[in-house]
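Mind the numbering: the sequence shown is residues 12 to 461 in the numbering used here, read in order.
All C-beta atoms, glycine included, are put in the ideal place defined by N, C-alpha and C.
Working notes, beginning with the structure itself.
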Amino acid sequence: MANIPRFGVSAKYRGKVDAEETNTTKSGSRYFSGSSTNSHTGSSRAEDVSRSDSVYSSNIEEDARLGFANLPEQMHRKAVKKGFNFTLMVVGESGLGKSTLINSLFVQDLYKDREIIEANNRIQSTTQIEKRQIELDERGVKLRLTVVDTPGFGDAVNCNDCWKPIEDYIDSTFEQYFKDECGLNRKNIHDHRVHCCLYFISPYGHGLRQIDVEFMRRLQHKVNIVPVIAKADALTANELRAFKERIMTDFDRYKIDIYRLPECDSDEEDEIKRLDKEIKAVLPFAVVGSNCVIDLDGSRRARGRQYPWGSVEVENSRHCDFTKLRIFLLKTHMQDLKDMTLDVHYENYRAKYITERMSKRQSDRREGVNTGALARLEKEGGTGFEAIVDQDSLLKQKEEELQRMQQLMSKMQEQLKRNTNVVPNPSVSLNNGTGNAQSSPIPVTGQQAS
């Protein structure tokens, strides 16, 4: 600074400035010298600067985080606050333990007021649809469960079309959801679609019966079908193993598409992978249901069934697949069942519904039937049929008028030929659609040309 010339500054003032600069330089060396210490803490100034730099760099790293890593937590809080819906349908003939199994799965008594239908009333019985709703709470997570029961299925002597009410009900839930989606109040849509259908197979037989095949083939593309072998305690271990193999063979033979468990992701937890492998190994599920608690050897109590020759525990994996079915429904695959319903079955219905509506609208246009115009004509005092008749008569009149014009044009051409005495050009033609004559120039003789 002292060597830089200062123009317009007196020597006395310049000397004062140089002295101040010298003091400033000495003061700076005092602050940034490594040998100087803080009189209060005894630490060096360099250490204080290093510490402040590290704090500053950490603050920069903290500020560099955008914050969207917390998005899963936000979605989790919102989902838990809203709660979850799940609709489960149970289908099977009476006496296979459907109600008992549902009570065992959810540890609830959903069928307190249910009446057993007498045998005389089952001869002409029809399939009915009964819904029961209950709200479950587990560690702050709420589940609104809807159980759709189908009493009367397969109980009548004539079981033709006994699956039709079930099919119509599933279609009605899809239609209602589609209308709600297209409506104005889309925020409060209630999802009543069936996410899973437990189909109960009777253990008394040699595989699938005809009614089983027909039902699953009719509904395989509308709902997730999970086959369940009811009353598995009626079969020995070897019989049960052979029965499962026959059922899986029947699925392939009749080309029945039941719900297939998806493969686990590579980054999935080991516990989930293990459970998924165990569930796939026991399909179809063989279950036993019971709401009674029995004593086992006087040492412990469990839900099960007591027989003269022993006892069957509902939650014992060596006796049945009840625990694996519960894990499948409630722990590992509930969300996948809902996703399959939304992404596959509902989308199939939606595409079919839209296609049918468009084809119907196009056919109506081709037929010339306009419902809105007919309604307006009726409101004005005439019926739609009268309007169509009037249009037909008007078209007839126009056609007759065109024919008269064509005849007149033909006469005029004949008259012109006789006057000119010239052979007509073969390229003369009439446009029947418009009545306008199109022809090439007609040659004339020299005398006429003059």
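Considering Cα atoms alone, identify which of the options is closest to residue i.
i, options, result
"D276", "D287, I267, Y270", "D287"
"F189", "Q408, R361, L230", "R361"
"Y180", "M227, M100, M86, R150", "M100"
"S183", "H203, N169, K198", "H203"
"L147", "V205, T157, Q408", "T157"
"S328", "W320, I338, G321", "I338"
"T463", "T260, L405, R314", "Given that the chain is displayed from residue 12 to residue 461, the structure contains no residue 463 and the question cannot be resolved."
"K93", "K291, E186, K153, N359", "K153"
"W320", "L294, D244, K233", "D244"
"A297", "D281, R155, T247, Q317", "T247"
"L336", "Q373, G309, E289, K363", "E289"
"K89", "L251, G151, A292", "G151"
"G103", "Y265, Q139, E279, D278", "Q139"
"G216", "L195, R197, A253, L209", "A253"
"R271", "D281, A292, R257, R264", "A292"
"E186", "E410, Y357, S404", "Y357"
State the Cα-Cα distance for the pair residue i and residue j, rounded to the nearest angstrom.
i, j, result
"V355", "R376", "32 Å"
"N96", "Q144", "10 Å"
"E378", "E178", "32 Å"
"T343", "R220", "30 Å"
"Q408", "R415", "11 Å"
"Q346", "H206", "9 Å"
"T352", "L406", "53 Å"
"E324", "S370", "56 Å"
"T260", "P162", "28 Å"
"L82", "V91", "14 Å"
"V299", "V239", "10 Å"
"F43", "D278", "Confidence is the limiting factor: at F43 the pLDDT is only 41, short of 50, which leaves the residue's position unreliable and the question unanswerable from this model."
"L427", "M420", "10 Å"
"R257", "I365", "40 Å"
"G404", "K422", "Here residue 404 is Ser; the residue named in the question, Gly, does not match the sequence. Approximately 27 Å between the Cα atoms of the pair."
"E149", "D350", "22 Å"
"G218", "G165", "16 Å"
"R372", "G194", "21 Å"
"P452", "R368", "In this predicted model, P452 has a pLDDT of only 48, less than 50, meaning its place in the structure is not dependable; the value taken from the coordinates is given anyway. When rounded, the distance between both Cα atoms is 55 Å."
"L77", "K198", "30 Å"
DSSP puts residue i in a beta bridge; with which residues?
i, result
"Q418", "DSSP output for Q418 lists no bridge partner at all."
"C208", "M100, I236"
"Q426", "Its beta-bridge partners do not exist; DSSP assigns none."
"T157", "T98, Q144"
"L307", "R311"
"S262", "As written in the sequence, residue 262 is Phe, which differs from the Ser given in the question. Note: F262 sits in no beta bridge, so no partner."
"A297", "I240"
"V152", "E149"
Starting from residue i, trace the alpha helix (DSSP H) both ways and give me its first and last residue.
i, result
"A243", "No alpha helix (DSSP H) contains A243, which DSSP labels as neither H nor E."
"K93", "82-93"
"Q373", "357-378"
"V293", "281-293"
"I145", "No alpha helix (DSSP H) contains I145, which is instead part of the beta strand (DSSP E) from 141-149."
"L116", "109-117"
"V224", "221-230"
"T334", "333-338"
"L348", "345-351"
Grab me the residues of residue i's own chain with a C-beta within less than 7 Å of its C-beta, minus the 5 sequence neighbours each way, in chain order.
i, result
"L107", "F211, S213, A241, K242"
"N359", "H232"
"L112", "V298, G300"
"V434", "Residue placement at V434 cannot be trusted, given a pLDDT of 48 that sits under 50; the coordinates are not used to answer."
"F262", "I269"
Return the chain-ordered list of same chain residues with a C-beta closer than 6 Å to the C-beta of residue i, the five sequence neighbours on each side being excluded.
i, result
"Y122", "S110"
"M227", "I236, I267"
"L348", "H206, C207, N235"
"S21", "Residue placement at S21 cannot be trusted, given a pLDDT of 47 that sits under 50; what the coordinates show is reported in the next sentence. For S21, where only same-chain residues beyond five positions count, there are no Cβ hits under 6 Å."
"K284", "C275"
"L209", "V101, V237, V239"
"H330", "V323, E324"
"Q418", "none"
Leaving aside the five residues before and after residue i along the sequence, list all residues of the same chain whose C-beta is less than 8 Å from its C-beta, in chain order.
i, result
"D120", "N114, N302"
"I200", "Y188, D191, E192"
"Q231", "I267, D268, I269"
"F117", "I145, L147, L156"
"I1", "In the structure displayed, the chain extends from 12 to 461; residue 1 sits before or after that span and is not available."
"E225", "W174"
Tell me which residue opens and which closes the beta strand (DSSP E) that residue i is part of.
i, result
"I267", "That residue, I267, is in no beta strand (DSSP E); it is neither H nor E in DSSP."
"A313", "311-318"
"D191", "Here D191 belongs to no beta strand (DSSP E); instead the alpha helix (DSSP H) covers 175-193."
"E326", "Here E326 belongs to no beta strand (DSSP E), and DSSP marks it neither H nor E."
"R76", "Element bounds for R76: n/a, residue is neither H nor E."
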